[in-house]
Structure formats: C-alpha cells, structure tokens
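Residue numbers (my numbering): 9 to 305.
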C-alpha cells in the first residue's frame, strides 16, 4: 500500500530516533464494520495526540512529528481503512466509517485526554472521530482542511467529477498533486514522492474515498462538535472562513502559513512542529486568535 515501503527512499523524510521512547509498534484493531485497522503508539504522556492522515496517504506522513512530541505526549498514528497497512474489505468509503477507524484505534491504544490532529481529508474524519469519542476529546486540530464550512456536494456531482478517472487514476492523481498541492519552487524530491505515493493508491478506494469526502456534511460535523476547541493550521493559498467558523463555535483559532503548500508537516517540519506546539496550548486553554506563521517562525 502507499507510503510505508517508500519511506526509506525519501531523504527529506528522516526517521525519528525512538531509542528512548516507549513504543508499541504496528498493532491492529477491528473497526466498527470489522475492517482491520493498523496503528502505532509512541510516548506515555497524559495527553494523547491522535494523528490522522489525508486522502490516499498513510500514517508515515507524520514521521517528522514523532520525536518532536513523544517526550511530552502519547502519540497514536492511524492508517485509515484502505490505506497503509490497514484492511480494505469495506463497502462504504465514507468519512463516518473512517471516523469509526480512528475511534477504534484510539480506544485500543488506551488514549485519554485526546487531541485529534487531521490533515486534509483527515480533518472531517477528526470531526466524526470526536463524535464517537465524546468526553475524552480535548481539542481538534486541522491541517490544511475545513477551510469553508459547508454541507457537501451531491453524490452524483462528486461521482461525475471522479468517475471518469477510474481507468486513468494514477495519471490524474499525479497531475493533481503536482498542480494543486505544492507551490512553485517546492522541494522536487518531496513533490515527486508524494505524487508517486498518492498515484499508487488503489483507484477504486481512492476515488470512493474522495467522493465520500466531497459529499460529507462538514457543516453538520462542525455543529455537532461545536463545544470542542477547533484550531486550524492552514496555508494562505486559499482563505479560511474565520467568520463562519466563529459563528459555529466559541473556541476557534487559526494559524495561517505563508509560502507553504498542502503538506506543511513535510515541507517545513520544524516550522510546523513549532506552530503545532502553540496550537496544542490553544486547545488546552480555549484560546481565540488568528496568527500568521511564516517559514521563519
């Protein structure tokens, strides 16, 4: 599957030094529909950070965060169904089902005082996981996600967009990544790796998951979790509707990256980790602010 086998080939994605970190590596648990979900844990802090990858990615996209946070937090990395080392025997590739995956892994890992951290499609998944984990959730942090609250597309409109790609998914996905996920001048080896990794995803699962993401009722998910602090770490290439978010919930913050593409945790790990650490403080205190984060942060 995507990501795991290619990790060692990408020099810009250093493996963490976990020699002094308690680790329970690559366990698995059954999701609500019986699909096997792979996850791994690091650290033993009182607060648990559950990292949720995006569309056609996997848990290895969070490698640069393990060493930075495992001394202070317990970390859970999850492969959603159909991604990484998780099973693929699912009939409905919905955001709700992915939320079940995350909730199952968090419970199996013994997570408490949870902050859910979701990238891209992982943002909506975090909303659904929060609905399932209830009082254990302390905050939701979205990375390049949830920019404009909305009710989702009609399924036929989403199918019309993605349906034509089933026979040429790899080519279409490669072009999509290169054209929309990175800014001009981005690290070429990073762009090549992400493009190849996403293009290698199983087409049927990738397209069904994209349709599930496009049709998800984001507004409903945001309203249902409005009592949970929400912090977004988004690039300014597309605006985040701050006013709309603050109409929904009292505890909303935005950290806005300048000169960054869709994968800030890979493009500038040190900057991203510094911003994430501040966001975790906001989550614990219920702070409200809008902050600009440059690459020299």
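For glycine and all other residues, C-beta sits at the position ideal for the given N, C-alpha and C. From a predicted model like this one, the values you see are computed outputs, not experimental measurements.
Buried or exposed: which applies to residue i, given that a residue is buried once 16 or more other Cβ atoms fall within 10 Å of its Cβ?
i, result
"residue 104", "buried"
"residue 275", "buried"
"residue 155", "buried"
"residue 188", "exposed"
"residue 246", "exposed"
"residue 109", "buried"
"residue 99", "exposed"
"residue 67", "buried"
"residue 164", "exposed"
"residue 71", "buried"
"residue 197", "exposed"
"residue 89", "buried"
"residue 168", "exposed"
"residue 289", "exposed"
"residue 277", "buried"
Please state if the CB of residue j and the CB of residue i are separated by a distance shorter than 8 Å.
i, j, result
"residue 42", "residue 135", "no"
"residue 256", "residue 234", "yes"
"residue 222", "residue 158", "no"
"residue 219", "residue 133", "no"
"residue 241", "residue 272", "yes"
"residue 270", "residue 128", "yes"
"residue 166", "residue 140", "no"
"residue 281", "residue 76", "yes"
Please state the DSSP three-state secondary structure of residue i.
i, result
"residue 275", "helix"
"residue 236", "coil"
"residue 127", "strand"
"residue 156", "coil"
"residue 79", "coil"
"residue 43", "coil"
"residue 55", "coil"
"residue 68", "helix"
"residue 228", "helix"
Leaving aside the five residues before and after residue i along the sequence, list all residues of the same chain whose C-beta is less than 7 Å from its C-beta, in chain order.
i, result
"residue 97", "43"
"residue 291", "123, 146, 147, 149, 237, 239"
"residue 250", "262, 298"
"residue 131", "150, 153, 154"
"residue 113", "37, 45, 47, 84, 86"
"residue 177", "211, 214, 215"
"residue 138", "124, 145, 148, 233, 236"
Between which residues of its own chain and residue i is the CB-CB distance below 6 Å, once the five residues before and five after are set aside?
i, result
"residue 55", "81, 121"
Taking 7 Å as the cut-off, is the CB of residue i close to at least one heavy atom of the ligand NAP?
i, result
"residue 163", "By its list of ligands, the structure shown contains no ligand whatsoever, and the ligand NAP lies outside what it can speak to."
Are at least three pairs of beta-carbons, each pair with one atom in the region 75-89 and one in the region 41-57, less than 8 Å apart? The region 75-89 makes contact with the region 41-57: 3 or more CB pairs, one atom from each, lie closer than 8 Å.
Three or more C-beta pairs under 8 Å: does that hold for the region 278-285 against the region 136-147? Look at the beta carbons and you see the region 278-285 not touching the region 136-147: under three pairs across the two are nearer than 8 Å.
So, do the region 167-186 and the region 199-209 have three or more beta carbon pairs nearer to each other than 8 Å? Note that the region 167-186 touches the region 199-209; at least 3 beta-carbon pairs, one per stretch, sit closer than 8 Å.
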